[in-house]
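This report refers to the structure that appears directly beneath it.
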Amino acid sequence: MAEGRLQPGSFCQSVMHEYERQWSHAGGHAVRHPLRLKMEHLKGWCDDSCTAEDFEARLQQALSSDDVGLALLAEELLPLWKTTRAGGPLPFGAQS
32 MAEGRLQPGS
42 FCQSVMHEYE
52 RQWSHAGGHA
62 VRHPLRLKME
72 HLKGWCDDSC
82 TAEDFEARLQ
92 QALSSDDVGL
102 ALLAEELLPL
112 WKTTRAGGPL
122 PFGAQS
């Protein structure tokens with residue numbers, strides 16, 4: 032593992048901070064709002080420690096999930112995760 036690359040937990044926390052920022056700016060309150068659905072799934076992933084390989088496999092599997100919120104989350108996170116694994120930054124500035 033290269034120095035400075037985010038681990039799954041840190042990655043999820045950084046994305047969660049961005050989602051929370053978006054949620055507070057949007058003033059959303061709808062329980063079934065797509066952003067809210069993604070946040071609910073991501074919260075569980077933030078609390079679940081796993082290897083980088085396991086996390087990527089989880090994202091790949093979630094892409095074909097029947098759960099719309101989970102599939103939306105995976106569709107959004109997989110490219111971001113691959114970018115960070117290659118040493119690139121998150122587009123919204125990760126906090127490690």
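Every position in the sequence shown, counted from 1, becomes a number in our numbering once 31 is added. Beta carbons: idealized from backbone N, C-alpha and C, even for Gly.
Within the same chain, show all residues whose beta-carbon is closer than 8 Å to that of residue i, passing over the 5 residues directly before and after it, in chain order.
i: Lys69; result: Tyr50, Gly100, Leu103, Leu104, Glu107
i: Ser95; result: Ala102
i: Leu66; result: Tyr50, Gln53, Trp54, Ala57, Gly59
i: Arg116; result: Arg36, Ala83, Glu87
i: Lys74; result: Met47
Measuring CB to CB, does residue i end up less than 9 Å from residue j?
i: Leu111; j: Leu121; result: yes
i: Glu84; j: Lys113; result: no
i: His72; j: Asp98; result: yes
On the CB-based measure, 16 or more other CB atoms within 10 Å of its CB, does residue i come out buried or exposed?
i: His56; result: exposed
i: Gln44; result: buried
i: Ala93; result: buried
i: Thr82; result: exposed
(request) Note down, one range per segment and in chain order, each alpha helix (DSSP H) of at least 4 residues found wholly within the region 65-118. (result) Entirely contained in the region 65-118, the alpha helix (DSSP H) runs reaching 4 residues are, in chain order, 65-78, 83-93, 99-116.
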